[in-house]
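Asks: Protein chains in written order, with full-length UniProt numbering: chain A, 1 to 267; chain B, 1 to 351.
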Ligand SMILES: Nc1ncnc2c1ncn2[C@@H]1O[C@H](COP(=O)(O)OP(=O)(O)OP(=O)(O)O)[C@@H](O)[C@H]1O
Ligand SMILES: [Mg+2]
């Protein structure tokens, strides 16, 4: 059996008196997409912030390639190859594609003691990396990021992570605000990242999106791992029920059924 | 299944073109609006101010004003691009004037000592501002409003305590005078040269060095900037220290120019620098702006405030013009920014 790139054992996280994560054990392998599912407030974002060095776990261990690791800050995690595209933010709307792509890692030319940001290289590399993920509409590295569509922005962030040598790619609801077409673009990029051998942790509310790309699934309910299974082991309905804690969805369906029964024109 | 349709289409050799003068590229530059504004204002006063405004004397009058405001507006602009404000410049300027005058005038210490102490004071105020902003999380508007009053009070209190007055005379040797307080050709303040030097230095920092990218990122999204490993705490403190330093520099040069210092001389710089920066196309909430734009904004402001004296109009109208100009500039800059967000330079878009 191969060692997983990333393995969590009994990780818990509390903010003062508030316990957000309890005893989470998870692992991801190279070339595999792990879908993290769960309702609002289940702790998905907190879990990935723990993985990416934003928060330190309160207890439990984290291993990369079988070696225990602890990250003091997000930069340390990304230097080890864990790249995160956070739910909110992550790109700078008024910066150019090239500048945004290289933010914090600017390519420079040197003149003696003076350093100069190498705009041409930055733009070329950025555009090439994004096009490598199939977004061929982007040809101009000087364009402002704020002018890109939501899907293109996610693609930029993913291309960037891959370019800088990410081995684990963590995506927090990358398809949340997107229309069908844009979302399928992002899903395709997730698959391309997987094909390149990255381990992908993909967070979503949408079961359809999860089922389209996921190899393994983990469902969080109120901070605990409620279920963990491989592709094909559960049906769509079972997953939806799990996410909603089982009851809510059944109730809703019953309500809808009752409503439809009462209003004949809704056929 | 999704994976069957996965064919990352390889990019066709994209029609690359280097940026010529396209509308998109132009709209994307933060200074486009302020350049137009400057031209309009200049043309207006050229018409109503006539030949004396257009002559050397006219140029000197607005350049002198622009240089003093400009040296402060540059670091204030950097801070604004980084998403912060600095109001304390208004009391650092007189505090620095008084420091150099008290030490090198009242106590007769060498001028270098007075200058060094005044600059150190500026750096210290900036350092404290930066530290307070980081530690308390209170918006810098409030923090620097506090330090504006605190430094003003300290300056007044200490001046009266030490010298018994609120104004101190300062006689400087020929070298100090030539470098910081002289007129070139009898009318152009030497400060103009320092302003040009500051423009080059700040232009390098913001647009050439990689640190410029960090400043834009910091103003664009602070949390993401931190996540990308940008040392945002250090950068924030440095930017505040930069504005303290430049304000102190202006205070020193004023004391040397006028051979004296007063405890209350700098208040006008607070708003004048912010107005210049905003007219110059810097986004008040951060993340967007340029050094050339700040220079244009400063010149525009200076032309209006001085040009009015060359027209037949009552000088009181200058404030009205500046107010209207500020609003117009913000509206125009907003429009340009919207254009910039939707613009591509590619004339023939690939596909
Ligand atoms: N810094 C914090 N301090 C205290 N509580 C926190 C903190 N961060 C998150 N929480 C709490 O932890 C719980 C989980 O939040 P989290 O953002 O991880 O949920 P999520 O699963 O990502 O939800 P969503 O689907 O809405 O994004 C929430 O109840 C939240 O209020
Ligand atoms: Mg979340």
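Note that CB positions come from ideal geometry on N, CA and C, so glycine has one too.
Give the list of continuous alpha helix (DSSP H) stretches no shorter than 4 residues that lie fully inside the segment 117–199 of chain A.
Replies: 119–131, 150–163 and 180–195
Asks: Can you check which of these residues, B/255, B/194, B/146 and B/237, is closest to residue 172 of chain B by C-alpha distance?
Replies: Within the second chain, residue 172 of chain B is the residue found at index 172, counting from 1. Checked all of B/255, B/194, B/146 and B/237; the closest Cα to residue 172 of chain B is B/255.
Asks: Take every Cβ of the segment 12–25 of chain A, pair it with every Cβ of the segment 171–180 of chain A, and state whether three or more of those distances are shorter than 8 Å.
Replies: no
Asks: Shorter than 8 Å from the beta carbon of residue 193 of chain A to some beta carbon of chain B?
Replies: Along the first chain, one-based indexing puts residue 193 of chain A at 193. Not one chain B Cβ lies under 8 Å of residue 193 of chain A.
Asks: What would DSSP say about residue 353 of chain B, mapped onto helix, strand or coil?
Replies: No information on residue 353 of chain B is available, as it lies outside the stretch 1 to 351 that chain B covers here.
Asks: Using a Cβ-Cβ cutoff of less than 6 Å, which residues in the same chain neighbour residue 168 of chain B once the five nearest sequence positions on both sides are dropped?
Replies: In the second chain, the residue the question calls residue 168 of chain B occupies position 168. Answer for residue 168 of chain B: 101, 102, 105, 106 and 261, listed in chain order.
Asks: Are the CB atoms of residue 126 of chain B and residue 241 of chain B nearer to each other than 8 Å?
Replies: Mapped onto the second chain, residue 126 of chain B falls at position 126. Mapped onto the second chain, residue 241 of chain B falls at position 241. Yes, the pair counts as a contact, with Cβ atoms nearer than the cut-off.
Asks: Residue 201 of chain B: which of B/26, B/66, B/74 and B/41 sits nearest, CA to CA?
Replies: On the second chain, residue 201 of chain B is found 201 positions in, with the first residue counted as 1. Nearest of B/26, B/66, B/74 and B/41 to residue 201 of chain B, Cα basis: B/74.
Asks: Which chain B residues sit within Cβ distance under 7 Å of residue 162 of chain A?
Replies: Position 162 of the first chain holds residue 162 of chain A. Here the premise fails: no neighbours, minimum Cβ distance about 12 Å.
Asks: Can we say the segment 194–208 of chain A touches the segment 234–246 of chain A, given the rule of at least three CB pairs closer than 8 Å?
Replies: Cβ pair count under 8 Å is three or more, so yes.
Asks: Are three or more beta carbon pairs between the segment 79–88 of chain A and the segment 118–135 of chain A nearer than 8 Å?
Replies: no
Asks: Can you tell me which of the three DSSP states residue 36 of chain A falls into?
Replies: Mapped onto the first chain, residue 36 of chain A falls at position 36. Of the three classes helix, strand and coil, the one that applies to residue 36 of chain A here is strand, per DSSP.
Asks: What are the start and end residues of the alpha helix (DSSP H) that includes residue 72 of chain B?
Replies: For the purposes of this step, residue 72 of chain B is taken as residue 72 along the second chain, with counting starting at 1. Run containing residue 72 of chain B: 56–81, per the alpha helix (DSSP H) assignment.
Asks: Run through chain A and tell me which residues come within less than 8 Å of residue 282 of chain B, C-beta to C-beta.
Replies: Within the second chain, residue 282 of chain B is the residue found at index 282, counting from 1. None at all; the shortest Cβ gap to chain A is about 11 Å.
Asks: Taking 8 Å as the cut-off, decide whether the C-beta atoms of residue 194 of chain A and residue 31 of chain A are in contact.
Replies: On the first chain, residue 194 of chain A is found 194 positions in, with the first residue counted as 1. On the first chain, residue 31 of chain A is found 31 positions in, with the first residue counted as 1. Yes.
Asks: Is residue 94 of chain A helix, strand or coil when you go by DSSP?
Replies: If you number the first chain from 1, residue 94 of chain A lands on position 94. Here residue 94 of chain A sits in coil by DSSP.
Asks: Nearest chain B C-beta to residue 95 of chain A closer than 8 Å, yes or no?
Replies: Here the question's residue 95 of chain A lines up with position 95 in the first chain. Chain B, which has a Cβ nearer than 8 Å to the Cβ of residue 95 of chain A, makes this yes.
Asks: Tell me which residues of the segment 209–225 of chain B have at least one Cβ-Cβ distance to chain A shorter than 8 Å, keeping chain order.
Replies: Cβ contacts with chain A: 209, 210, 212, 213, 214, 216, 217, 220, 221, 223, 224 and 225.
Asks: What does the alpha-carbon distance come out to for the pair residue 74 of chain A and residue 30 of chain B?
Replies: What you label residue 74 of chain A is simply residue 74 of the first chain in a count that begins at 1. What you label residue 30 of chain B is simply residue 30 of the second chain in a count that begins at 1. Between residue 74 of chain A and residue 30 of chain B, the C-alpha separation is close to 32 Å.
Asks: Whole angstroms are fine: how far does the CA of residue 259 of chain B sit from the CA of residue 170 of chain B?
Replies: By 1-based counting over the second chain, the position of residue 170 of chain B is 170. By 1-based counting over the second chain, the position of residue 259 of chain B is 259. Computed Cα separation, rounded: 5 Å.
Asks: Check whether the Cβ of residue 177 of chain A sits closer than 7 Å to any heavy atom of ligand 1, and report yes or no.
Replies: On the first chain, position 177 is the one that residue 177 of chain A refers to. With a cutoff of 7 Å, residue 177 of chain A does not count as near ligand 1, since its C-beta is closer than that to no heavy atom of the ligand.
Asks: Would you list, in chain order, the members of the segment 209–237 of chain A that have their beta-carbon closer than 8 Å to a beta-carbon of chain B?
Replies: 212 and 213
Asks: Between the Cα of residue 184 of chain B and those of B/238, B/42 and B/61, spot the shortest distance and give me the residue it belongs to.
Replies: Walking along the second chain from the start, residue 184 of chain B turns up at place 184. Comparing Cα positions, the closest option is B/61.
Asks: Would you say residue 37 of chain A reaches chain B, if we count a Cβ-Cβ gap shorter than 8 Å as a contact?
Replies: Position 37 of the first chain, counted from the start, is the residue given in the question as residue 37 of chain A. By this cut-off, residue 37 of chain A is not an interface position.
Asks: Should residue 28 of chain A be counted as a contact of ligand 1 given a C-beta to heavy atom distance under 7 Å?
Replies: Sequence index remark: in the first chain, residue 28 of chain A carries index 28 (1-based). Residue 28 of chain A: no, Cβ never under 7 Å from ligand 1.
Asks: Against residue 74 of chain A, what residues of chain B qualify as contacts under a CB-to-CB distance less than 9 Å, listed in chain order?
Replies: Locating residue 74 of chain A in the first chain gives position 74, counting from the first residue. Simply 226, 227, 228 and 229.
Asks: Considering only heavy atoms of ligand 2, does any lie closer than 7 Å to the CB of residue 45 of chain A?
Replies: For this step, residue 45 of chain A is matched to residue 45 along the first chain. True, at least one ligand heavy atom lies under 7 Å from that Cβ.
Asks: Are the C-beta atoms of residue 342 of chain B and some chain A residue less than 8 Å apart?
Replies: Against the second chain, residue 342 of chain B aligns to sequence position 342. So yes, residue 342 of chain B belongs to the interface.
Asks: Given residue 315 of chain B, which residues of its chain have a CB within under 8 Å of its CB, disregarding the five upstream and five downstream residues?
Replies: Counting from one through the second chain, the residue named residue 315 of chain B turns up at place 315. Taken in chain order, the residues that qualify are 308 and 309.
Asks: Could you check the C-alpha separation between residue 111 of chain A and residue 204 of chain B for me, to the nearest Å?
Replies: Within the first chain, the letter at position 111 stands for residue 111 of chain A. Within the second chain, the letter at position 204 stands for residue 204 of chain B. Taking the straight line joining both Cα atoms gives about 13 Å.
Asks: Among A/258, A/213, A/172 and A/149, which has the Cα closest to the Cα of residue 294 of chain A?
Replies: A query on residue 294 of chain A cannot be resolved here, the shown segment of chain A reaching from 1 to 267 and no further.
Asks: Mind checking whether residue 5 of chain A and residue 62 of chain A have CB atoms under 8 Å apart?
Replies: To locate residue 5 of chain A, count along the first chain from 1; it is residue 5. To locate residue 62 of chain A, count along the first chain from 1; it is residue 62. For residue 5 of chain A and residue 62 of chain A, no; Cβs fall outside 8 Å.
Asks: With a cut-off of 8 Å on the beta carbons, I'd call residue 95 of chain B and residue 124 of chain B a contact; round off their distance for me.
Replies: Here residue 95 of chain B corresponds to residue number 95 of the second chain, with the count starting at 1. Here residue 124 of chain B corresponds to residue number 124 of the second chain, with the count starting at 1. Going by Cβ atoms, the distance from residue 95 of chain B to residue 124 of chain B rounds to 10 Å, so no, they are not a contact pair.
Asks: For a contact defined as C-beta to C-beta under 7 Å, what are the partners of residue 287 of chain B on chain A?
Replies: Residue 287 of chain B sits at position 287 when you count from the first residue of the second chain. Chain A residues near residue 287 of chain B: 92 and 94.
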